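Going by my numbering, the residue at position 52 of the sequence shown is 102; the numbering climbs one at a time, nothing skipped. Ideal placement from N, C-alpha and C gives every residue a C-beta, glycine not left out. Note that the structure is predicted; figures quoted are calculated from it, not measured. This report concerns only the one structure given below.
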Amino acid sequence: MHYYVRGDSLRRYKVLICKLKNFVVKMLPHRKKILVKRGFTLIEVLCSITVFSVLFMTALFIQVDALKVKTYNEEMNNCTLVMEYVKNSIMYNCSYDSLLNLRMKERTYIDCSNLKFQHIKNINVTTLFSDEKPLKEPYIILKVTGEKVLRVNLQLHAKMYGNIKVEECDFYKGNYKK
C-alpha cells in the first residue's frame, strides 16, 4: 500500500504511524511469548530425541563389542586347548622316531582356524601337521631341536586385536632311560 503525503496530511501520517507502532508494540510481547514457547518445545523435543539416540547407540556399541570379545575369548580358549592337546599327545603318545620323522619331512604347521577341540580328540596328532604355513592366524608351529634329547617348542600364533601374539610351550622328549 502506498501513501502519498501532502502538506497537512504528513502530520496525520506521522500520527497514524505512531499509533501503529504503539499497537504493534503492545501486540509484540504477547506474540513473542507464544513463539518462544513453541520454539522451546520443538528444541526440547529435538534435544531429547538426540540424547535418547546417543544413549541407544552407546548401548548398541557396548553390546557389539561384548559379543566380539566373547567370540574372541572362545576362539583363544579353543586354540589353547588344541595346543595343550598337541603337547600332551606328543609328550605321552608320540614316539621319538615319529618326532624325528616330522622334523625330517618339515611338517611343522597346524592350522587352528578350522579345528575344534572336541573333534581332534580321536585323531592322531601327527596327521594334523603339514608343511605349508597357513595364510591366516591362528596356527601352531612345531620346532624340534637336539639329537638324543629332543627339545620340542610349540608356538601358538594368534591375532589379538590386530596384533599377532605368540604363546610358547617347551618340553623335552628323548631316547633315554631314567
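Given V216, which residues of its chain have a CB within under 6 angstroms of its CB, disregarding the five upstream and five downstream residues? Your numbering for residue 216 matches position 166 in the sequence shown. So the list reads Q205 and H207, once near-sequence residues are dropped.
Whole-number beta carbon distance between F167 and V132, since they are thought to touch under 8 angstroms: Here the question's residue 132 lines up with position 82 in the sequence shown. Here the question's residue 167 lines up with position 117 in the sequence shown. Rounded, the Cβ-Cβ distance is 6 angstroms, consistent with contact.
Excluding the 5 residues preceding and the 5 following L78 in the sequence, name in chain order all residues of the same chain whose CB lies nearer than 6 angstroms to its CB. In the sequence shown, residue 78 corresponds to position 28, counting from 1. Any reading at L78 must be qualified, since the residue scores a pLDDT of 49, below 50, and its modelled position is unreliable; no value is offered.
Integer Cβ distance of K193 from Y146, believed to fall under 8 angstroms: Within the sequence shown, residue 193 is the residue found at index 143, counting from 1. Within the sequence shown, residue 146 is the residue found at index 96, counting from 1. In fact, because the Cβ distance is near 16 angstroms, the residues do not count as touching under 8 angstroms.
Do C144 and V114 have their C-beta atoms closer together than 8 angstroms? One-based indexing of the sequence shown puts residue 144 at position 94. One-based indexing of the sequence shown puts residue 114 at position 64. Cβ distance not < 8 angstroms, so C144 and V114 don't count as in contact.
In terms of residues, what are the limits of the alpha helix (DSSP H) holding N164? Translated into the one-based positions of the sequence shown, residue 164 becomes position 114. Segment: none, N164 is in no alpha helix (DSSP H) and carries neither H nor E.
How far does the alpha helix (DSSP H) with N151 in it extend, from its first residue to its last? Numbered from 1 along the sequence shown, position 101 holds the residue referred to as residue 151. Element bounds for N151: Y146 to K155.
By the three-class DSSP mapping on this structure, what secondary structure does E187 have? Locating residue 187 in the sequence shown gives position 137, counting from the first residue. It is coil, neither helix nor strand.
Can you give me the C-alpha to C-alpha distance between F106 and N164, rounded to a whole angstrom? The residue labelled residue 106 in the question sits at position 56 within the sequence shown. The residue labelled residue 164 in the question sits at position 114 within the sequence shown. One Cα belongs to F106, the other to N164, and the distance between them is close to 36 angstroms.
Would the C-beta of Q205 count as close to the ligand COA, meaning under 7 angstroms from any of its heavy atoms? With respect to small molecules bound, the structure shown includes none, and the ligand COA cannot be examined in it.
Closer than 6 angstroms by C-beta to R153: which residues in its own chain qualify, once you throw out the five before and the five after it? Chain order, please. Taking the first residue of the sequence shown as position 1, residue 153 is located at position 103. Around R153: V194.
In angstroms, rounded to a whole number, what distance separates the CA positions of G196 and I190? Numbered from 1 along the sequence shown, position 146 holds the residue referred to as residue 196. Numbered from 1 along the sequence shown, position 140 holds the residue referred to as residue 190. Cα to Cα, the separation comes out at about 20 angstroms.
Assign D181 to one of three DSSP states: helix, strand, or coil. Your numbering for residue 181 matches position 131 in the sequence shown. Reduced to three states, the DSSP call for D181 is coil.
Rounded to the nearest angstrom, how far is the Cβ of E187 from that of I214, given a contact under 8 angstroms? The residue given as residue 187 occupies position 137 in the sequence shown. The residue given as residue 214 occupies position 164 in the sequence shown. Right, the Cβ-Cβ distance comes to about 6 angstroms (below 8 angstroms), so this counts as a contact.
What's the gap between the Cα of N123 and the Cα of F111? Locating residue 123 in the sequence shown gives position 73, where the first residue counts as 1. Locating residue 111 in the sequence shown gives position 61, where the first residue counts as 1. Near 18 angstroms, if we compare the C-alpha coordinates of F111 and N123.
Is N203 helix, strand or coil when you go by DSSP? On the sequence shown, residue 203 is found 153 positions in, with the first residue counted as 1. DSSP places N203 in strand when its eight states are reduced to three.
I need the straight-line Cα distance from L92 to I99, nearest angstrom please. Here residue 92 refers to the residue found at position 42 when the sequence shown is read from its first residue. Here residue 99 refers to the residue found at position 49 when the sequence shown is read from its first residue. For L92 and I99, the distance between alpha carbons rounds to 11 angstroms.
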